[in-house]
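A.B. asks: One structure, as structure tokens, below. Some questions next.
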Amino acid sequence: MRSKSKTILYSGFLSGTLDILAAIVIYVVILHQTTAVKILQSIASGIFKQEAYTSGSKMAFYGLLLHYFIALVFAYIYFKIYPYFPILRKNIFLSGLIYGLFVWVVMNLIVLPAVFSKLPDKQFDFPLLLSILILVFCIGLPISYITRNFYEKH
1 MRSKSKTILY
11 SGFLSGTLDI
21 LAAIVIYVVI
31 LHQTTAVKIL
41 QSIASGIFKQ
51 EAYTSGSKMA
61 FYGLLLHYFI
71 ALVFAYIYFK
81 IYPYFPILRK
91 NIFLSGLIYG
101 LFVWVVMNLI
111 VLPAVFSKLP
121 DKQFDFPLLL
131 SILILVFCIG
141 LPISYITRNF
151 YEKH
């Protein structure tokens, strides 16, 4: 039997891990666009601004902590809204898709513009589609699956 807290922690840490691993595999290993440290530093720059890029692995660690904090917040939100939205209970793939898109909208249209004064323009292209797919498969689906399993057993 899993508690509410353990369910949220599990779904948050799993989705956070899948998301950061997907980013590293795609942007570092496959596309050779950056490094893992720079990905994590860019996350830390949401709080530490330009200083995040000058403090090496320390800021990468802070970026990883911030990344997991954000994943846990999204896991918590989904867990709390799940009982109130019947569409989330109908189909795990549909709910994962919807929530992954919701996470993308919140992060890219609300959080990032609020944190950073200048962002590149969004174009409907492969990188945009890839970022959406990562959030759907690495955040939306794991969180919806784990949360549904909790509620079905309780």
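For the sequence shown, my numbering gives the first residue as 1, with consecutive numbering after it.
Glycine residues also receive a C-beta, built at the ideal position from the N, C-alpha and C atoms.
None of these values were measured; they are calculated from a predicted model.
#1: Are the beta-carbon atoms belonging to A36 and A44 less than 8 Å from one another?
#2: Using 10 angstroms around the beta-carbon of Q41, count the other beta-carbons present and answer buried if the total reaches 16, otherwise exposed.
#3: Count the C-beta pairs between the segment 26-36 and the segment 74-93 that are closer than 8 Å, then say yes if the count reaches three, no if not.
#4: Check this for me: beta carbons of P113 and L18, under 8 Å apart or not?
#5: Counting only the same chain and skipping the five closest in sequence on each side, list residues whose C-beta sits under 6 Å from that of L72.
#6: Name the residue from L31, Y76 and N108 whose alpha carbon lies nearest to the alpha carbon of S15.
C.D. replies: Once the coordinates are examined:
#1: Taking 8 Å as the cut-off, the Cβ atoms of A36 and A44 do not count as close.
#2: Around the Cβ of Q41, a 10 Å sphere holds 16 or more other Cβ atoms; the residue is buried.
#3: The segment 26-36 makes no contact with the segment 74-93: fewer than 3 CB pairs, one atom from each, lie closer than 8 Å.
#4: For P113 and L18, no; Cβs fall outside 8 Å.
#5: Hits under 6 Å: G12.
#6: Residue Y76 is the option with its Cα nearest to S15.
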